[in-house]
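Enquirer: Below: one structure in structure tokens.
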Amino acid sequence: MTSTDVAPPVAVIGAGSWGTALAMHIAKSGRKVYLWGHEPEQMEALATSRSNEQFLPGLSFPDPLEILVDLSDLPSACTQLLVVVPSHAFRQVLRTLLQLPVRPVIIAWGTKGLEKNGSRLMSEIADEELPPEIQTAAVSGPSFAGEVARGLPTAITVASYSNDTAAKVSSWLHHHQFRAYTQKDLIGVQIGGALKNVMAIAAGISDGLGFGANARAALITRGLAEITRLGIRAGGKMETFMGLACMGDLVLTCTDDQSRNRRVGLGLGQGGTLQQIMDQIGQEAEGVQSAAAAWELSHKLDIAMPITEQVYNVLYRDLPALKAVQNLLHRDPKHE
Numbered sequence: 030m031t032s033t034d035v036a037p038p039v040a041v042i043g044a045g046s047w048g049t050a051l052a053m054h055i056a057k058s059g060r061k062v063y064l065w066g067h068e069p070e071q072m073e074a075l076a077t078s079r080s081n082e083q084f085l086p087g088l089s090f091p092d093p094l095e096i097l098v099d100l101s102d103l104p105s106a107c108t109q110l111l112v113v114v115p116s117h118a119f120r121q122v123l124r125t126l127l128q129l130p131v132r133p134v135i136i137a138w139g140t141k142g143l144e145k146n147g148s149r150l151m152s153e154i155a156d157e158e159l160p161p162e163i164q165t166a167a168v169s170g171p172s173f174a175g176e177v178a179r180g181l182p183t184a185i186t187v188a189s190y191s192n193d194t195a196a197k198v199s200s201w202l203h204h205h206q207f208r209a210y211t212q213k214d215l216i217g218v219q220i221g222g223a224l225k226n227v228m229a230i231a232a233g234i235s236d237g238l239g240f241g242a243n244a245r246a247a248l249i250t251r252g253l254a255e256i257t258r259l260g261i262r263a264g265g266k267m268e269t270f271m272g273l274a275c276m277g278d279l280v281l282t283c284t285d286d287q288s289r290n291r292r293v294g295l296g297l298g299q300g301g302t303l304q305q306i307m308d309q310i311g312q313e314a315e316g317v318q319s320a321a322a323a324w325e326l327s328h329k330l331d332i333a334m335p336i337t338e339q340v341y342n343v344l345y346r347d348l349p350a351l352k353a354v355q356n357l358l359h360r361d362p363k364h365e
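In my numbering, each residue's number is its place in the sequence shown (first place is 1) plus 29.
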């Protein structure tokens, strides 16, 4: 294919900040993009204003981006789909897509999380729900929606068991100041993308308590060790956890207040309740659900994950944030 004006269209399923940002970015290449979200009133507002003022204020949609109020209006020629919804909605969205007249050829996802009941990766859900002829891939890496929507430099990873599928999905994204690398470690990329959110909550708690940069650096580093231990046991590759999808995303999410998961931790460290914090943020913070799923998976695989354990205790057992950090600091000394 030599020109984007004949490139097949892409549908982005999910009109939150990340889905909208990805749709805007893909459309900037000149490729036709359809964007759909589950709330018809929201989609009508997006279609009228040609912007997503709720999540990405002041940024207009590129001309090739078309809003779908009704998913059944998706043209039959659009067989490449990018799902960007919360992990708890992922399974049902796949089922909905299979009911459409359109028969997907590729379904990729930008969802970073674990299914709470059963601790499944999104690829495992896809394996259970999709026919084997549909090609699948995960899009992950250090990328805040607002920066992508504004066209700031970004690098991410597209992972698929098929090099050809990864290359196709990368071609949607790799333009302007956005680099889209490819690789085959689908498990490692997803583990890194899901668990970095848990560590961001931990880093936020520490900063909310005023514990400083030393503690934050320790949590990031030891958090990376936890993610790597679990990821390798689950089938991921060591080098993946040193790359964009884990270390890169971990550093970004733990250190910048654009991260919703970090803001959850900050609020908890400052004495807020989870419900108060989530109401204030107004969007999903995947680390809350992923903490429960990761805790379950770590016990299932018999992997020591003390930071994850304490985040889980704060979120689900009402452990005070200060006590959780003290529990980590008072553990017996050990070899690094």
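Every residue, glycine too, gets a C-beta built ideally from N, C-alpha and C.
Only a predicted model underlies this, so the values are computations on that prediction, with no experimental measurement involved.
What does the Cβ neighbour count give for A246, buried or exposed, with the cut at 16 atoms within 10 Å?
Expert: A246 should be labelled exposed.
Enquirer: Under DSSP, the alpha helix (DSSP H) around F207 begins and ends at which residues?
Expert: Premise fails: F207 lies in the beta strand (DSSP E), F207 to Q212, not in any alpha helix (DSSP H).
Enquirer: Where does S199 sit, in a helix, a strand or coil, going by DSSP?
Expert: In the structure shown, S199 sits in a helix (DSSP, three-state: H, G or I).
Enquirer: Using CA atoms only, rank isn't needed, just tell me which of E68, L215, F173 and S200 is closest to D286.
Expert: Among E68, L215, F173 and S200, the Cα nearest to that of D286 belongs to F173.
Enquirer: Quick one: what's got a C-beta closer than 7 Å to G277's C-beta in the same chain, skipping five residues either side?
Expert: G170 and P171.
Enquirer: Going by alpha carbons, who is nearest to L75 out of A44, H359 and G233?
Expert: Selected option, being the one with the closest Cα: A44.
Enquirer: Considering Cα atoms alone, identify which of M228, Q206, A167 and R179 is closest to D214.
Expert: Taking only the C-alpha atoms, the option nearest D214 is A167.
Enquirer: Can you give me the start and stop residues for the alpha helix (DSSP H) that E268 sits inside?
Expert: Per DSSP, E268 belongs to the alpha helix (DSSP H) from M267 to F270.
Enquirer: Buried or exposed: where does T183 fall if 16 or more other Cβ atoms within 10 Å of its Cβ makes it buried?
Expert: T183 comes out buried.
Enquirer: Determine the DSSP secondary structure at Q309, reduced to helix, strand or coil.
Expert: It is helical.
Enquirer: Just reading off the beta strand (DSSP E) that A188 is part of, what are its end residues?
Expert: Element bounds for A188: T183 to A188.
Enquirer: Taking the alpha-carbon positions, what's the P86 to L64 distance?
Expert: So the alpha carbons of these two residues sit roughly 17 Å apart.
Enquirer: Just to confirm, is the Cβ distance from E68 to V98 under 7 Å?
Expert: For E68 and V98, no; Cβs fall outside 7 Å.
Enquirer: Among residues of its own chain, excluding the 5 on either side of I310, which ones have a beta-carbon nearer than 8 Å to its beta-carbon?
Expert: Only R289, R292 and V293 meet the Cβ criterion.
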